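Here's the structure, in C-alpha cells; my notes come after.
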Amino acid sequence: MSKLRWKGLCVVAVIAALGLLLAACGKEEKASPTVAATKPAAASPAATAPAAAPTATKPAGTPAAATSPAAAADPLKVRWDTFSPKMRELFEKNAPSTFKRPDPYKPIYGGVTRRGGSITTLGRNFVKMSNVTGWTIWGIVSGNLVAPQFGWGSDVSTGSGPPEGELAESWSSNKDGTEWTFKLRDNVFWQDKPPVNGRKVTGEDVKWYFETVKKEGWLAPEITDISSVEVPDPKTVVIKTSKPFPDMLSFLAAPTMAMAPKECYEKEADCMEKDPVGFGPFALKELKPTRVLLERNPKYPLKDQAGNPLPYLDGIEYIPIADAAALDANWRTGQVDWRLITDAPTYDAAKKGTPDLRLEFNGPTTTIALQGDWVVFNFEKKDAPWQDKRVRQALSLAIDRERNCDIATGGYCVMGSPINYGRDLGRPIDFSMKELQDLAPYYKYDPEKAKKLLADAGFPNGFTLDVQTGTSTKGMGAVEQWLEVFKDWEKIGVKVKHDANAEWSANLQKRTYPGIMGAGYALSGSRPYMQAYSLLHSKGAANFPGLNDPKLDAMLDEWRYLPLGSKERVDSSLKIFNYINEEMYRPTLWASPHWDIYQSWVINQLCAQPSCANVTMKAYTRTWLDPSVKGFPSDRKFEPRTKP
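Read in the numbering used here, the sequence shown has 572 at position 31, and its numbers run on one by one without any break.
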C-alpha cells in the first residue's frame, strides 16, 4: 500500500505535482525550518531466504535496506504513532487478531477463497502500459526473480525488508553494486498452458524480458543505468550497471517486474491481457464477465518456513458484485471472504454479526508512497499565477484540512508524503495531519496569511482558477471532497471553474487539463525507491506536470545513487523533503484510509501494503481457510488436507 484500491482500477499510475522555479517569482518568503534528521530505522538483516529455502546472499558491500523498527515484535506498534485517535482505537480493537500465529504451524490445504467487487481489466501489459496500477491478477499468475517476503504471525513482513528468491535461489553483487549475479532455481516452469506449455524458465527468458522492458517499456528511463544482462549459462543471470544500483532487489521485486514469456508478449492481445501465463503460485483457469477463477500451480517451487509446499489454497475466485447492497449480503452469508472498506460507517455495518472479523490497513504506506489527493499544477502554463510559489503556498494555507477530513472520512485521514520520505526513514505509514503540519508550515490552516501571500504576489483580489477533477463520488479523488477545498479557496478570493471529467487520467498524462488537477491517485512503478526521481525530476518518466527545476534535479541526481539505509541517503531525503515543502510543488490534501477486512476463517491473509490488488496478491500464497470455524458456509465446505 495502493493504495491501489479495489475500485481504483483505472487510476493513473503515477502523478507529480511540481513546478518551474522562475526568476520572476518576486520576493521570496523566509525558508521553512529544516526538518531535524529522524533516527533511521534499524537496518534489515542480510538478505536471506527462509530457512527451508536455499540461501540468498546479501550483496557484498551493499548496505541493507531500512525496515520498520521492531516489525517482527509488533507490526502495529510502529504504526500507531501516525494514526489519529479514531484510527488507533479501531485497530486496537480489531487488528491484533490478524497477526495471531497458529501454533504449531500446520496449514490447511484445500478450499477456494472468494473476493467480491468490481472486475474490469484483469491482465495488464506491464511493459507498454503507463497505467499499471489498479487490480490485476498478473502479480500472482506470474513471478519475479525475487519477491517481497510475506510471513505470518510474528514473522509477518511488510514486503519492505529483504526479499526472498522466487526464480532466483541466491544472489550476490560486487563491492560497488554495479554487477549482480543471480543463480536460478532448476525447478521453475512456465504454467502448462499455451503458448509456453510448461517449458522450463531459463536465464534467456530473464534476459529477453529485461531487454524488452528497457527498449519498449514506459518506465525505461528508470533503468538507463542497466548496461547489460548476460547469461553465461542457463542457470545464471548477470546484470551489469553503469552506476551503483542500490535498490536492485527492491526493483526486481516490484509488481511491474513480474515476468512474461516471450511467446506471450508477442501475442499480447490474446495472452498478456486476456490469458496471462507465468510461473507464479496460481494459474488462470477461467476468465468470464461473471467469474474469474485461479487454480493452484502444482509446480510452484517455493515452500514456507516450515518446509510446506506453497500455496495452500486450491484456488481464488473473483465474483463481480458491483452493487454495495449485494456485496453486503454476500459478506453476511459468508459467500465472500474479503471486503475493502473506505469509510467508518460501512465498517461498523460490516462488523455487525462478524465479531471475529480481521482488519488490516490498506492505505498510503511507504511501500507505494505518494498516495492520496493532491493539487496538481500544470506548469506548461507559463504565465499562470501558480508559477509564483507564493500562490502555491497560499492555496495550501487556505485549505482547512482538518475540517475537510472530518467531512470526507469522519476524521480518519492520514497525509501522504510529498516524496518517499517515509520509505527512506523506515516509516510504515506516511504522516498524521498534525505531524505534517508541524514539519511543513504551509500545511497549516491560515487563510489570513494566504491572503497576504496572494497580495504580495500581485493578486490582492484573487483570480479565477480552472480545476479539473475526476467524477468519483467516493474514496480518493472524490468530487465532494474537492468541492470543500473550492469553498476554502473562495474565502481567499480564488474562484474555481470546475470541470468534473471522466477522462482526467488521460488528460493528466497528456497535460491537457486547463490549470490545476485535483487528483486522487496511487503511485506505481518498477523502482519503489526511485519514485521521487520519477515524479519530480525533469527527465522523470512520471513527471506529467512538467517540472524543470535544475536545483531539484541536482539533488535527485545525487540522491538516487546513495546506499539505502545510509545516513547520506537519509540526509538527502530530508533536504529534498524540506525543499519540496517550501516550494509547494505538490500540496497534499489527505489520503482516505482503506481497510481490508476478512472473515474469521481466513487465516494468514495479510495486506501490509497499500495495494492488496498487486503487490500483496502474493500474500495469498500463504493463506488458508479453516472450515471448522463457526459460520463457515455449509455450501462451501471442503475436505481439509495436510498436504497439497
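Here a beta-carbon is modelled for each residue, glycine too, at the ideal position from N, C-alpha and C.
Since we're looking at a predicted model, the values are computed, not measured.
Quiz item: Exposed or buried, residue 1113, counting other C-beta atoms within 10 Å across all chains shown (16 or more means buried)?
Solution: By the neighbour-count rule (16 or more Cβ atoms within 10 Å), residue 1113 is buried.
Quiz item: Between the C-alpha atoms of residue 1172 and residue 666, what's the straight-line distance to the nearest angstrom?
Solution: Residue 666 has its alpha-carbon roughly 40 Å from the corresponding atom of residue 1172.
Practice problem: Could you tell me whether the Cβ atoms of residue 785 and residue 1070 are closer together than 9 Å? | Solution: In this structure, residue 1070 does not lie closer than 9 Å to residue 785 by Cβ.
Quiz item: residue 949 to residue 864, Cα distance in whole Å?
Solution: Rounded to whole angstroms, the separation of the alpha carbons of residue 864 and residue 949 is 21 Å.
Quiz item: Quick one: complete alpha helix (DSSP H) runs, 4+ long, within the region 828 to 891?
Solution: Counting only runs of 4 or more, we get 865 to 873.
Quiz item: Which residues mark the beginning and the end of the beta strand (DSSP E) in which residue 1009 is found?
Solution: From DSSP, the beta strand (DSSP E) with residue 1009 extends over 1004 to 1010.
Practice problem: On a CA-only basis, which of 985, 925, 1035 is nearest residue 1056? Give me that one, please. | Solution: Closest option to residue 1056, Cα to Cα, is 925.
Exercise. Determine the burial state of residue 897: buried for a count of at least 16 other Cβ atoms within 10 Å of its Cβ, exposed for fewer.
Key: Counting every other CB atom within 10 Å of its CB across the protein chains shown gives residue 897 a total below 16, marking it as exposed.
Quiz item: Where does residue 1014 sit, in a helix, a strand or coil, going by DSSP?
Solution: Residue state, collapsed to three classes: coil.
Quiz prompt | Boundaries of the beta strand (DSSP E) in which residue 1137 is found, first to last residue | solution = It spans 1136 to 1139 - the beta strand (DSSP E) in which residue 1137 sits, taken as one unbroken run.
Quiz item: From which residue to which residue does the beta strand (DSSP E) around residue 781 run?
Solution: For residue 781, the uninterrupted beta strand (DSSP E) segment begins and ends at 777 to 782.
Exercise. Keeping to the same chain, check which residues put their C-beta closer than 7 Å to that of residue 766; ignore five residues upstream and five downstream.
Key: Closer than 7 Å at the Cβ level, and outside the excluded window around residue 766, lie 782, 783, 784, 786.
Quiz item: When we look at the beta-carbon of residue 654 and count the other beta-carbons within 10 Å, is it buried (16 or more) or exposed?
Solution: Looking at its Cβ environment, which holds 16 or more other Cβ atoms inside 10 Å, residue 654 is buried.
Quiz item: When you compare each of 1001, 943, 995, 1002 to residue 975 by their alpha carbons, which one comes out closest?
Solution: For residue 975, the closest alpha carbon among the candidates 1001, 943, 995, 1002 is that of 943.
Practice problem: Give the secondary structure of residue 1131 by DSSP, where H, G and I count as helix, E and B as strand, and everything else as coil. | Solution: In this structure, residue 1131 counts as strand in the three-state DSSP scheme.
Quiz item: Where do the N-terminal and C-terminal ends of the beta strand (DSSP E) with residue 719 fall, by residue?
Solution: First-last for residue 719: undefined, no H or E at that position.
Quiz prompt | First through last residue of the alpha helix (DSSP H) which encompasses residue 1098 | solution = Segment 1091 to 1100, the alpha helix (DSSP H) holding residue 1098.
Quiz item: Is it right to say residue 881 is buried, meaning 16 or more other beta carbons lie within 10 angstroms of its own, or is it exposed?
Solution: Answer is buried; the Cβ neighbour count reaches 16.
Exercise. Tell me where the beta strand (DSSP E) around residue 656 begins and ends.
Key: It spans 653 to 658 - the beta strand (DSSP E) in which residue 656 sits, taken as one unbroken run.
Quiz item: If you follow the beta strand (DSSP E) that residue 773 is part of, which residue opens it and which one closes it?
Solution: Following the DSSP letters along the chain, one finds residue 773 inside the beta strand (DSSP E) bounded by residues 767 to 774.
Self-check item: Straight-line gap, residue 740 to residue 710 (C-alpha atoms, nearest Å)
Solution: About 19 Å.
Quiz prompt | Three-state secondary structure assigned by DSSP to residue 538 | solution = This structure gives no information on residue 538, because the portion of the chain shown stretches from 542 to 1185.
Practice problem: Please report the residue range of the beta strand (DSSP E) in which residue 1041 lies. | Solution: That run of the beta strand (DSSP E) goes 1035 to 1041.
Quiz prompt | First and last residue of the uninterrupted alpha helix (DSSP H) at residue 753 | solution = Note, residue 753: alpha helix (DSSP H), 744 to 757.
Practice problem: Would you mind sorting residue 771 into buried or exposed? The rule is 16 or more other CB atoms within 10 Å of its CB. | Solution: Burial state of residue 771 is exposed, judged by a 10 Å Cβ sphere holding fewer than 16 other Cβ atoms.
Quiz prompt | Inter-residue CB distance, residue 1030 and residue 994 (contact presumed, cutoff 8 Å) | solution = The beta carbons of residue 1030 and residue 994 sit about 13 Å from each other, so the pair does not count as a contact at 8 Å.
Quiz prompt | Cα-Cα separation, residue 1081 to residue 874 | solution = C-alpha separation (whole angstroms): 48 Å.
Practice problem: Consult DSSP for residue 824 and reduce its assignment to one of helix, strand or coil. | Solution: The answer is strand: DSSP assigns residue 824 an E or B state.
Quiz item: Among all the DSSP beta bridges, which residues are the ones paired with residue 898?
Solution: Residue 898 is not bridged to any residue.
Practice problem: Taking only the alpha-carbon atoms, compute the straight-line gap between residue 1186 and residue 914 and give it to the nearest angstrom. | Solution: Residue 1186 is absent from the structure shown; the chain starts at 542 and stops at 1185.
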